[in-house]
Amino acid sequence: MVDEGIGRAKKREGEAMKIRSLMLSTASLLLCMTAAAVAADAASGAPKDAADTESAGKPADTGTQAVAGGIEEVTVTARRRSERLKDVPASVTPLSGDQLDQLGVESTKDLLQQVAGAALVSSGPDYLSDISMRGQGSGRNAFSETATGLYQNGAYIAGGGFNGRAPSEIQLFDLDRVEVLHGPQGALYGRNAVGGAVNMIANRPEMDFSAKERVSYGSYDSYDAMGIVNAPLDPENGIAARIGVFSNNQEGGAITNLTTGNEVDWSRSHGARVGVSIEPNSDTKVYAQLEYYRSDQPSMTALGYVPVHAFAGTSQTGTPLDPDPYTRSDLNREGRARTRDLSGFFSFDKVTDIGDLSMKLYRRTRHGSREDDDYDHFLSLSGSAPGGVPMDIAWDQSERYDLVNAQLTLASNDFGRFKWLFGLEALQSDDDVETGIGECGAYNPGAQTAADLNPGCTPGYTGAPLDAAALAAARAAMNHDTSTETLNSVAAFGTLSYDITSEWTAGVEARIAKDMKSYDFERYSQDPLAYFGSGPAPAGHAPSTPNTAYCPPSVIAAGQCTGAGKSGFNAHLDADWSQFLPAASIRYKPSPTQTFYLRYATGYRPGGFNAPTSPVQTTYAPERSTSYELGWKGKLFDYLDADTSIYYQVTRDVQVTTYGGSGALVIIQTPGNGYVYGIESNLRKKFDVGPGVLNVALGLSSDYGRYYDAQTIQMTPGVFADINGNRIPRTADIQGALGASYVMPVFGDLQAMFGGSWQFSSGGYETPDNSRDYASYGKLDLRASLMASDRWSITAFGKNVLDRRYRMQTVVYNEYWSQPATFGISLTLMQ
């Protein structure tokens, strides 16, 4: 054991030395390249602000992958005001609506595979997806705060569990652009932007009529359709509307259930957005938006692959359960997850003599549920038959989430050397969650027999159990929990920048905020053996006299629950956190096409509450992060558009997911601190090649980090790990995306487009104890289109065409694997 520990430590140190060498080499290359680029600019007398122009007779740029016209033309709102990307002293990855369309970006996974330094944290179904940037976000459970801030049109939209942790399909539909902001964004964007922020900006109505319709058919009997209509309603008063709808239906799937013969990963989703804009004059803009989204997806238990019976102590431990990642065995329940999401957004923008006034109001109401989950399969207990009675536990969960976010900013008109912005923000949310065993019958004071146990509520039977460990584990999990978490948050923020000279600009940012959370929790047992017959209550369910605690309300009302536990288990928790989040930057522009910057930034992810029945930690602290970043963006030898950033980030009280004991399966702890450093680079170029135009883009990142001053944590029942000195999960030795598209004329106004994207990642670990490697992958997507000007196009596409399969995430005993190769064809009509 000692030799193994020494070997493991040496291996980690060897990896660290390789990464540090790579980082230093890349940093040296960056300095040499940028110095040469500046020298080349100084030697050339030609102005560099002009955008690249297309050669006569060349086809129009489709926007695929590369940024059309170069970095000089791109406008973003990374600092809550419109400005050119090259002027922003921070690392930002913008993706235009045309890029998203051509790349076939329909999900968070599709989006992140185009962004250096970002990774998908998947727990199977899309509604549980998370975003990790720069190694932040290793600690999460279904209803905790995210480590990446999510925004729509500049308004905070995240929260809750069902579709509250990553963009859903409706939020990625019909977009003007997506702005991915790398590194902490606490000063201007506030909560949860520890690793970065993602801001999705919807297309707004225009004063010209247009329409687009698309139908697609693909693998696994996927039928998709969408339509968008933009229409002027009152041009004289600047009133226009835009309506978009879509429907995605996948009737088949890649995962087969041997018990029923069904394919369990079929899905359906529908969405609609209506936007109305009013621009009575050039100084006033009013916009209102309403969205509706509905989805029906496979739940986490149906998608989870359990290779062996893994629960320690049962008679079946180590025996096979599921044959392979795409086949399920002993899955007698095919859980589904359904969500309904309604949101509204309103903004008012006015140019005044004082400055640019902007008001935003966002409201979201979401209902989500998991139904008929096979909980015994999820717990790796399927096939157990304590007392000769087969185990069968149906698990349900429902959530109602409400969010209101109001924001007011006033910004200078950008005249003179001083630029400033001041803002106020208020946020309120309520998250009501109910979890339980869905098919337990009414409690019966008589002695229970095997015949009395209901399907869906059967942990086994107390009479001479064949597997006491399986029975105890199942009974400990049979609870009914209700919780309500309420958040009230207020903040003031601002920025101030000063042009010291025409080349040097200094800026500061800051936010003062206070979060106030309250949490109410109630639990009672649904174990049919806990109060009747001869079965004792499972460990942790009877802190006082056996059979008196965690009593269901119906049992209490009937007077059948006596002693100290009459009221069951109830808890109320309160916590509040105040934070000051500063940022500062220095920007240096030696020429119109070269920008260097040095940035200091801070981020904050609020703390929260675990189930109070956990014996470990009920209230956990916020994460606070500090980052130092050196960056450059511009042109290399007046040829390549490029940007590079090097960063070092320290996070205190890192939130880590651990095992919570019999009272809570998964909890979050803050066992110590961590640091991450890395590099992110992007290269873009548009070439005239033969009769057409070739767009090429390459994004690369490498990051590395460790825990320090950390404590031992519990990973699974009976398995403890000292994580001090371990590598931070989800940091990759190398990660990137190489994309290219070629557009060429065919005849008349017909054009052909051929495109592809290779996404890859290698190195790192999935878990804090470094027991599981982060799965390496290389994924190739291809597209080919024939287009007739602005009238129609037909596209053939393939995702993961080489059929690379890999494990994306492990939750408890369940592994979640990537989607196999898929292919399809789509027809688009435009008016």
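Counted the way the numbering used here counts, the sequence shown spans residues 461 to 1291. Heads up, the beta-carbon is just placed ideally off N, CA and C, and yes, glycines get one too. All values reported here derive from a predicted model rather than from experimental measurement.
Assuming residue i and residue j make a contact with CB atoms under 8 angstroms, what is their CB distance in whole Å?
i, j, result
"Y1119", "S840", "Contact flag wrong, Cβ pair sits at about 14 angstroms."
"G1216", "A1200", "6 angstroms"
"W880", "T955", "6 angstroms"
"V1153", "V1203", "5 angstroms"
"L635", "L571", "Contact doesn't hold; Cβ gap of about 10 angstroms is too wide."
Residue i by DSSP, collapsed to three states: which one?
i, result
"M760", "helix"
"A511", "Note on A511: pLDDT 37, under 50, position unreliable in the model; the coordinate value appears next. Three-state DSSP puts A511 in coil, outside helix and strand."
"Q1291", "coil"
"Q562", "helix"
"N623", "coil"
"A1024", "Confidence at A1024 is low in this model, with a pLDDT of 47, below 50, so its placement is unreliable and the value that follows should be read with caution. Note: A1024 maps to coil in three-state DSSP."
"N1133", "strand"
"F838", "helix"
"S962", "coil"
"E794", "coil"
"N717", "strand"
"N697", "helix"
"A924", "coil"
"Q631", "helix"
"D812", "In the sequence as presented, Asp is not what sits at residue 812; that position holds Thr. If DSSP states are grouped into helix, strand and coil, T812 belongs with coil."
"Y649", "helix"
"A1017", "helix"
"T787", "strand"
"A578", "strand"
"D684", "strand"
Grab me the residues of residue i's own chain with a C-beta within less than 7 angstroms of its C-beta, minus the 5 sequence neighbours each way, in chain order.
i, result
"Q1171", "P1131 and G1132"
"G1067", "A1035, W1037, T1079, Y1080, A1081 and P1082"
"E605", "N652, R1065, P1066 and G1068"
"A657", "T608, G609, Y611, L641, Q645 and Y649"
For residue i, I'd like the list of residues in its chain whose CB is within less than 6 angstroms of its CB, leaving aside the five on either flank, ordered along the chain.
i, result
"D1250", "M1290"
"S978", "T946 and D1034"
"G778", "V768"
"V1156", "K1145 and A1200"
"S1038", "K974"
"T944", "D892 and D980"
"G517", "Note that G517 scores 40 on pLDDT, short of 50, meaning its location in the model is unreliable; the coordinates nonetheless yield the value given after this. For G517, where only same-chain residues beyond five positions count, there are no Cβ hits under 6 angstroms."
"K1049", "E963 and T1055"
"A496", "In this prediction, A496 scores a pLDDT of 47, lower than 50, which makes its location untrustworthy; no coordinate-derived value is stated."
"M976", "N948 and D1036"
"T744", "K810"
"N797", "Sequence inspection shows Ala at residue 797; the Asn mentioned does not correspond to that position. Closer than 6 angstroms at Cβ, skipping near neighbours: P585, Y587, Q757, S759 and R830."
"D1113", "A1081, E1083 and T1130"
"L489", "Residue confidence for L489 is low, a pLDDT of 47 falling below 50, so the modelled location carries little weight and cannot support an answer."
In terms of alpha-carbon separation, which member of the options lies closest to residue i?
i, options, result
"T774", "T895, Y1276, R1059 and P846", "P846"
"P549", "Q1279, P1280, L1090 and L1242", "L1090"
"R1299", "I1254, N1070 and P758", "Outside the shown range of the chain, which is 461 to 1291, sits residue 1299, and nothing can be said about it."
"T1086", "A1071, P1042, N613 and M938", "P1042"
"Y1135", "S567, E723, A607 and G595", "G595"
"G843", "V638, Y680 and L931", "L931"
"S985", "A924, I1285, T1073 and S542", "T1073"
"C900", "V1261, S682, D1098 and P915", "P915"
"R544", "E894, V534 and E711", "V534"
So, using beta-carbon positions, are residue i and residue j closer together than 7 angstroms?
i, j, result
"A910", "Y903", "no"
"G1185", "R1166", "yes"
"L817", "L870", "yes"
"G609", "L863", "no"
"L1143", "A1102", "yes"
"E673", "G687", "yes"
"F1220", "R1243", "no"
"M1268", "S592", "no"
"Y1234", "L763", "no"
"I897", "M851", "no"
"V675", "L1287", "yes"
"A936", "P919", "no"
"A966", "Y958", "yes"
"R568", "S551", "It should be pointed out that residue 568 corresponds to Thr in this sequence rather than to Arg. No, Cβ-Cβ distance for T568 and S551 is not below 7 angstroms."
"Y747", "G731", "no"
"E859", "F622", "yes"
Please list, in chain order, all residues of the same chain as residue i whose beta carbon is under 8 angstroms from its beta carbon, the five residues on each side excluded.
i, result
"P507", "Low confidence applies here, because P507 scores a pLDDT of 41, under 50, leaving its location unreliable and the question unanswered by this model."
"D784", "Y765"
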